[in-house]
Structure formats: C-alpha cells, structure tokens
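Position 654 of the sequence shown, counting from 1, maps to 654 under UniProt numbering, and the rest follow consecutively.
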Amino acid sequence: MAYGSISALWNKWNIRGFVMLSLLLQTFLILFSPLRKKTANPLIISLLWLAYLMADWVVAFTIGLISHNQSNSSTCVVEVDGALLAFWASFLLLHLGGPDTITAFSMEDSSLWRRHLLSLVFQVGSAIYVFVQVFPTNKLLLIPTMLVFLAGVIKNVERTVALNFSSLPKLRKWALSQREHPDDVAHEFVKDPTFPQVESSCGKEPELVESIMVKHAFYFFQMFVVLLGDLMFTSQEREVSRSYFQNVSTVDALRIISVELQFMYEALHTKMLVICSKWSYIFRVIAFTIIVTAFFLFSHLKKHHQLPELDVKITYSLLFGGIALDVIALLMLVFSDWTVAGIKQVSFLNKFVSAMNDLRKPRFATCEEHPNAVITYSSLDTPLIFRRWSESMSACNLLLLVLGKSTRKMWKRGGRCGRPWHNISTRGIYMSLLRMISKGPNWSQSCVGKIVVFLIKSLMPGFSRSVRRIANTDSVSKNPFIKELWIFIFTEVKRKSKDTNDEIKAKKIFEAKGDLFLESLFLESTLNDLDRGNLLEYITKVNFDSSIIMWHLATEVWYNKEKPTVKNEEREFSKILSDYMMYLVFNQFNLVSTVAGIAPIKSSKTFEHIFKTIGNEIYDMDVEGLCQRLYTVHPNNDCGGSVLNRGIDLAREMERLGDMKWKVMSGVWVEMLSYAAIHTKGETHMQVLSKGGELLTFVWLLMAHFGCYYKPEWGIYADYIDHRLLLSKASSFRATGLASPRYSTATDDGASALTGERDSGGLRRRSAHRRRVVDSEADQLVARYVLFSPVTDASWEARYEIFEEVGVAGVTESAASPESELVPRSPSRSRTNVFYESSRDYVLGDQYRNP
Numbered sequence: 001m002a003y004g005s006i007s008a009l010w011n012k013w014n015i016r017g018f019v020m021l022s023l024l025l026q027t028f029l030i031l032f033s034p035l036r037k038k039t040a041n042p043l044i045i046s047l048l049w050l051a052y053l054m055a056d057w058v059v060a061f062t063i064g065l066i067s068h069n070q071s072n073s074s075t076c077v078v079e080v081d082g083a084l085l086a087f088w089a090s091f092l093l094l095h096l097g098g099p100d101t102i103t104a105f106s107m108e109d110s111s112l113w114r115r116h117l118l119s120l121v122f123q124v125g126s127a128i129y130v131f132v133q134v135f136p137t138n139k140l141l142l143i144p145t146m147l148v149f150l151a152g153v154i155k156n157v158e159r160t161v162a163l164n165f166s167s168l169p170k171l172r173k174w175a176l177s178q179r180e181h182p183d184d185v186a187h188e189f190v191k192d193p194t195f196p197q198v199e200s201s202c203g204k205e206p207e208l209v210e211s212i213m214v215k216h217a218f219y220f221f222q223m224f225v226v227l228l229g230d231l232m233f234t235s236q237e238r239e240v241s242r243s244y245f246q247n248v249s250t251v252d253a254l255r256i257i258s259v260e261l262q263f264m265y266e267a268l269h270t271k272m273l274v275i276c277s278k279w280s281y282i283f284r285v286i287a288f289t290i291i292v293t294a295f296f297l298f299s300h301l302k303k304h305h306q307l308p309e310l311d312v313k314i315t316y317s318l319l320f321g322g323i324a325l326d327v328i329a330l331l332m333l334v335f336s337d338w339t340v341a342g343i344k345q346v347s348f349l350n351k352f353v354s355a356m357n358d359l360r361k362p363r364f365a366t367c368e369e370h371p372n373a374v375i376t377y378s379s380l381d382t383p384l385i386f387r388r389w390s391e392s393m394s395a396c397n398l399l400l401l402v403l404g405k406s407t408r409k410m411w412k413r414g415g416r417c418g419r420p421w422h423n424i425s426t427r428g429i430y431m432s433l434l435r436m437i438s439k440g441p442n443w444s445q446s447c448v449g450k451i452v453v454f455l456i457k458s459l460m461p462g463f464s465r466s467v468r469r470i471a472n473t474d475s476v477s478k479n480p481f482i483k484e485l486w487i488f489i490f491t492e493v494k495r496k497s498k499d500t501n502d503e504i505k506a507k508k509i510f511e512a513k514g515d516l517f518l519e520s521l522f523l524e525s526t527l528n529d530l531d532r533g534n535l536l537e538y539i540t541k542v543n544f545d546s547s548i549i550m551w552h553l554a555t556e557v558w559y560n561k562e563k564p565t566v567k568n569e570e571r572e573f574s575k576i577l578s579d580y581m582m583y584l585v586f587n588q589f590n591l592v593s594t595v596a597g598i599a600p601i602k603s604s605k606t607f608e609h610i611f612k613t614i615g616n617e618i619y620d621m622d623v624e625g626l627c628q629r630l631y632t633v634h635p636n637n638d639c640g641g642s643v644l645n646r647g648i649d650l651a652r653e654m655e656r657l658g659d660m661k662w663k664v665m666s667g668v669w670v671e672m673l674s675y676a677a678i679h680t681k682g683e684t685h686m687q688v689l690s691k692g693g694e695l696l697t698f699v700w701l702l703m704a705h706f707g708c709y710y711k712p713e714w715g716i717y718a719d720y721i722d723h724r725l726l727l728s729k730a731s732s733f734r735a736t737g738l739a740s741p742r743y744s745t746a747t748d749d750g751a752s753a754l755t756g757e758r759d760s761g762g763l764r765r766r767s768a769h770r771r772r773v774v775d776s777e778a779d780q781l782v783a784r785y786v787l788f789s790p791v792t793d794a795s796w797e798a799r800y801e802i803f804e805e806v807g808v809a810g811v812t813e814s815a816a817s818p819e820s821e822l823v824p825r826s827p828s829r830s831r832t833n834v835f836y837e838s839s840r841d842y843v844l845g846d847q848y849r850n851p
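Spelled out as structure tokens, the structure:
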C-alpha cells in the first residue's frame, strides 16, 4: 500500500518536480553566484558548488526521464501530454546553457570545455530523440518547441565558447592579441585629462569618480592580464603604470586593483569575454525574441486545446522564468563594470550607468580593538551586494593553536556586526536553551526534562565545534580590512619602487624578504651594523618558511609582553600581518606553496617543542603567560637549533632595539608579504578570486603596478613585435625573390669566406668562431623576430609559420658545437639566455642588434 502510493507520487511528480528544480537552480545561480567573489564564507561557497553541479545533472537526468517516458509510453502512467514533454525538454536544453554569472566553478572547469561540448551533443541528441517520438503524432507545440530548442542551442554554444575563451591557453592567446600597438594605447592613456598628474597624499579619501576609476582599471586589466599567460608588459606600459600609481591616492589605488581583479575573475568564471562582442549581442536578441515569441504562441494554442491546468502552470513558469532570467542578465550586463568601461564618457548611457555604479563606491566604518575601544581605525564596510571582494582578511595564531583556543578576533566593526556567522552563535543558543528550561515549568525536573537537559549539554558543544569547523572558524579569525594597514603597505611598496628603473635594483626588490628593509634602516642610520647583522641571520641564513615562523613567534611574544598605553600602529600592523602570514601557511598553503616550503611540517615540530619546553603547565596558561614563559625559560637541549628556539632568540634580539622593534618588525612583515605575493604565479592568485579574494593578491598586483615585477627570462619588461606583420612581409619578400638563401660568413680579419647552402636539416654553422651575416631582408625580419619577440608556446607557433614560409631556420642553443643544426623549437626557460646569446652572436650583424 505504502509502496504503491510512493510509486504513484513518483510517477506524477518526477518529471514535473525536476523541471521546476532545474528552473530554481538557474534562478539561484544567476542571483547568488556573484557572492563567490564577495565573501569567503565556506558555507555559501559550498551551496553554490552544490547548485552548480546539480544544475547540469538535473538537466541530463530530466531529459533522460522524458526520453524514457516516451519510449515506454505504454507502460508509464505519467499523465503529461507528449507535446508538453517535448516543450519542456527544449527548456531543459536552454537551462543547460547556464546563467551568465557562472560558467566555471574553478579554473580547471574551463579547460574541460570539450567535455561540456560532448555533453551538449548528447543532450541535443536526446532532445531530438524526444521530438522524433512526439511530433509525428502530436504537432500541437511543434513551432514553439523548435523556437525554444534553437534558443537553447544558442545558449549552449555561447557557454561552450565562454569556457573555451576562459581556459588558460586561450586566455594567453587573447592576451597576446591585446599587444597590438600597446605603446600607442599607453601614450593615449597618458594624454587622458583624467590621468593623475600630481601626487596625491596617501591618507586621502577616494578622489576619482567611480566611472573614471573603472575605465582606468579596465585599461590596466588589459595590460596586466598578460601576467596570467606567463608573459610580460612593455617598457612603455610599465612606465605608465608606475607614473599613475606614484600619483594616485592610496584608497583609489585599492579601488583600481579591486576592479582589475574583478575583471580577471569575470573573464575566468563568467561569460563576459563572450558577451562583450557584437555577435553575442545579436544572438542574445535573437534568443530573447524567440522565447517571447514562444510565450505568445503557447498562450494562443492553449486557448484552443484542452491541457492539464497543472502542466500549463508549470509551462508558464518555464516561459516566465526564461524571460525573467534574460532580463536579469541584461540588467546585470548594463550595470556591469564592462559596460562602464566600454561606453563613451559623454554619452547619456554613461551618466545613467555611472549614477548606479556610484553605489559600489567603498564605504568605511569605525572599527575598534577588542576589548580596548580606545584604539580605532577605519575599515571597509561596503554592503555585501555592492562589494567587489570580501573586504576582509583572515588571521591564524600559532600559540593559540597550541593552547587549543580559537584565534581571537582583533577587530570588530563599529555599529555593524563583523561577521554574520557570529550572530548565530551556537554557544549563545546553548545558553539560551538552558536558561529557558531553567525558567520553564516543573517538567524540566522530571525524567524527560532531565534527559532533554542532558542531551543539550552533551550535544550542543560538539555541534558548536562541528559548525565552526565547517565554517572554517575553529582556528581562523575573519577580520575587517583596515584602511590604515593598506596605506602602510602602499607607502612601503611605493618607497621601494623608486629604484625599479635599474634592473639590478628591481631584481633585488623582487628577491627581498626583509633584508632590503633592514638595509634601508642602516643607511638611514636608524639601525646600527651589529643589530642589522644579527637580524639578517633570521632572514638570509634560513629558509623562508622557517623565517615566517621565527618572526611570527617573536612578534607574538612581544605583542603579549608589552601593554602600551598609547596608540602604536606599527605594533598593530605587525600583529595583523604576522597572523595573516600564518593563516596563509595553515589554511591557504596551495596559494603560497612555492615559497612556504614545508612550513606546516615545521609548525607541527614547533608544537612538539613547545610542549617539551613548557610541560603540563601549558594546560593552565593563557597566551600572555605562555609568551612570558617561553621568553624566560632556558632552551630545551633536545630542541637545540629548532625553529622555536631561534624564534625566541630573535625575540631577545628585539629587546635591544627598544621602541624601534615595532618599526623593524612591521617593515620586515611587509617585505615578507611582498615576497610571497610576487613569487606566487598569477594563475594561483586567480584561484582565490572565487573565494572572496586575498590581501596577498592585492599586493601581487600592487607590486606589478609599481614596476617591482621581475622575471628571469624577461627582466623587468618585454617588447613585442606583431608576427602577422612579419609573416606578411616575409611572404612578399619571397614572392619577389628577395628571400634567397644566401649567407656569407666573415672571419675575424674581415675576409670573405665560404657561401652557405641550405640542406634538409636547416642551416649548418661552418665554424664556431665565425659570425653569420644575414643577407636577405626577409631573413633579417625573421632574425629580428626571433630575438625580440616573447618566448612562449604561442609565439613559437607563429615562428614556425614564418620559418616554413621563408625557409629560414632559427637559432636555439649549443653555440659551442661547430656542426650543430640550427632548427626552431621551443626552448625551456633554463635555455632562454643561451638562446638569446647564440642568436645575437651568430645570426645578426651588429647593425641589427637593436630593432
């Protein structure tokens, strides 16, 4: 009996329920998927991940149910008209196209665009199978079904193309395509009247109008997106960026970087790269018109044919939902930063969109130190719906983890709750329930009441720990982003960037882990040579992962030993950055794995050494007592030379500096943060944009803007040559007979020597000490291209075209071998310098060394 009722319920609602579920998932994704870039809450991200996976699965499963129902119509009891089922199948195909706000949940999804294309082929085939089953006998909804089917194909092709464009190989090619005449664009940008010409003070409020700021950020996005493709910006672009950020206010710099990162996020995870094209606008208008037409056709046909009322309501929901989703997508596009960046400054649309865009301007609220409310700062407090990133930074403390306590929340927003999750405190619920029971009727003293109280006392603490673990709050504190901290970081990076015109100094800044800051204090006579040498041992003589833990221990010891009565920003900034770096090591290790080494393992060893040093007394200590005990206790012989002992030794070294220690520690922490940021790949930085963003990524882009970016295979910038222009010229030269393989060699005394000939393997070098002089103009172009274009896989594809067209082999390596063949092939990074050196010495004459 029960089984029969469940089976009847399933047969009645399986297709209907999954069709409506698909519509609900699409609505949820288009409205809430933008929250990924605005919050780091793992619960929200997990819900979006579940909805993203379910959306495609529900579509495939429901189309399968419909096709199964049609092929077994004689045995099925589903009371849905076959024409309606075919109509619903076309809507499911439309849903498979997905919303504009999310095409890929992670960067890896974009590289699987072929899998989505294959899935699309199968789903289209399943839908066509349903049509073939239905329409030969029931042509009631043939036209509206075909119309919605066409709209679904358009949406799915758009999604597949978007996934393809956002994959890293395609993104690299797109970045290269933006390198056409980059210096001309940079020159035009400098002449823009909105370009800041006078240096602003670092503490000022935002000065740029929101629409102007977005346009500037879009220009820099096009410039620095090359970093995602392992490429480099040009010297002119580098100078424009340095000049701009030298003059712009600190808060405006933060705003510009946040918009740049939003552009990068939307290029990687949404359809924006596809949407912002003329053809996309045309196809979107067609798809929207098709759905509206299908709506009117269905309304007309319904009046003349009797259809079940429930199914008609579901169909209207699908039609209204499809139209509403397109309207929402259109509004999001109109008020997006991409539209603001693309429209002209004087147009009416720009004024209207800019007025709405001003709502995204950052807001600030007063935040105060907890529990001491005397020290206050300004923190970002933009409403969630208008944020471009999470506007927060996390903290994790090694000593508090040893004590088994949660990392304290250093800051709280004035007048606004710091974290919504803390409002739903499980401990608060626990205490409220106990109070309610204690004040309740006498039944709480009965047997049942005692059982209820026992269960609450037993289960609630465990439930609280589980919830905190899921929400990632057990060992991590989420704090507001302090404006003064950003000003401090910005000022330090700006100060160092004044020496980046010199490539040697730029490389030194790139490799600095705190030593450069100590050197600057020594040059200012603020730090004596003895103290500098002692402190450098904890930076240059140890690995970076050990250095992080040592400086974290020293910072924590002195932060808890001292109780200053006056405001000391450097002390607070040292504490924030110290806890943030430990958070990166413990909770974002994949982000900093290239520089953090085995920091988690060393942290675990430090745990053990602390327990060995303190013993069982540690269970009765608070963090202040633990820091005092670690500072005064003699080193454990079993832990000699450990990271713990060296960290405490560093804290003792700091005592000699007096009040200078906080200036030293804050500056060293900024340099360590900069080192970790600039040595992390751009691709890795992009992976955290969909989780609310990180301060580390902001510092990475800030360093690039100030010209502190250095790559061993490039230097501090790169200049590009349009390979298509070279190919065109080379083809014309060959057509006119100028590309004949005539090469001459010259001995050291200048006498003419033998003439080279080409064989099937390319050109052979006749002598290791002779320099080949290029004789034909086409070969000069090829050689110039080989020397001065970027060494990437994409550029090597272009080189092969030129080599095949002109018939000239390039130069790679092995300059020492007199008979080695010179054939073009992609060099590894380690051979790049050899490649350039051999090219310069053996292919080009002196007059062609500089283009």
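Glycine is no exception: its CB is placed at the ideal position from the N, C-alpha and C atoms.
So, residue i versus residue j, is the Cβ gap smaller than 7 Å?
i: residue 671; j: residue 517; result: yes
i: residue 217; j: residue 251; result: no
i: residue 394; j: residue 476; result: yes
i: residue 597; j: residue 560; result: no
i: residue 103; j: residue 40; result: no
i: residue 679; j: residue 700; result: no
i: residue 390; j: residue 483; result: no
i: residue 609; j: residue 644; result: yes
i: residue 151; j: residue 355; result: no
i: residue 211; j: residue 14; result: no
i: residue 547; j: residue 539; result: yes
i: residue 291; j: residue 323; result: yes
i: residue 626; j: residue 399; result: yes
With distance defined between alpha-carbon atoms, name the residue in the options nearest to residue i.
i: residue 132; options: 55, 390 and 146; result: 146
i: residue 95; options: 158, 659, 705 and 113; result: 158
i: residue 166; options: 566, 607, 225 and 214; result: 225
i: residue 631; options: 619, 654 and 384; result: 654
i: residue 526; options: 660, 571 and 593; result: 660
Tell me which same chain residues have a C-beta within less than 7 Å of the C-beta of residue i, skipping the five on either side of it?
i: residue 416; result: Confidence is the limiting factor: at residue 416 the pLDDT is only 45, short of 50, which leaves the residue's position unreliable, though a coordinate-based value still follows. For residue 416, where only same-chain residues beyond five positions count, the Cβ hits under 7 Å are 365 and 381.
i: residue 83; result: 134, 138, 140 and 141
i: residue 674; result: 493, 699 and 703
i: residue 414; result: Note on residue 414: pLDDT 49, under 50, position unreliable in the model; no value is reported.
i: residue 302; result: 312
i: residue 328; result: 30
i: residue 647; result: 549, 550, 553 and 554
i: residue 607; result: 402
i: residue 227; result: 682 and 704
i: residue 759; result: At residue 759 the pLDDT is 38, less than 50, meaning the model places this residue with poor confidence and gives no usable figure here.
By Cβ distance, which residues of its chain are closer than 6 Å to residue i, with the 5 residues on each side in sequence left out?
i: residue 223; result: 233 and 237
i: residue 266; result: 272
i: residue 58; result: 18, 21 and 22
i: residue 12; result: none
i: residue 488; result: 573
i: residue 359; result: 386
Can you tell me the Cβ-Cβ gap for residue i and residue j, rounded? I've got them flagged as a contact below 8 Å.
i: residue 144; j: residue 325; result: Not confirmed; about 18 Å, so no contact.
i: residue 696; j: residue 718; result: With a Cβ gap of about 25 Å, residue 696 and residue 718 do not count as contacting.
i: residue 171; j: residue 693; result: Not quite, the Cβ-Cβ distance comes to about 19 Å (not below 8 Å), so this is no contact.
i: residue 485; j: residue 576; result: 6 Å
i: residue 33; j: residue 99; result: 7 Å
i: residue 506; j: residue 219; result: About 23 Å separates the two Cβ atoms, so there is no contact after all.
Report all residues from its chain with a CB closer than 8 Å to the CB of residue i; omit the five preceding and five following residues, and keep chain order.
i: residue 469; result: Residue placement at residue 469 is flagged as unreliable, the pLDDT there being 44, under the threshold of 50; the coordinate-derived value follows with that caveat. Excluding positions up to five away in sequence, the list is empty.
If contact is defined by three or more beta carbon pairs under 8 Å, each pair taking one atom from either stretch, is the region 63-72 in contact with the region 84-101? yes
Assess contact between the region 519-534 and the region 555-563, defined as three or more Cβ pairs (one per stretch) separated by less than 8 Å. Is contact present? no
Whether or not the region 304-321 and the region 269-288 are in contact is what I'm after, with contact meaning three or more pairs of Cβ atoms, one per stretch, closer than 8 Å; do they touch? Flag = no, the region 269-288 and the region 304-321 do not touch.
Three or more C-beta pairs under 8 Å: does that hold for the region 281-295 against the region 110-129? no
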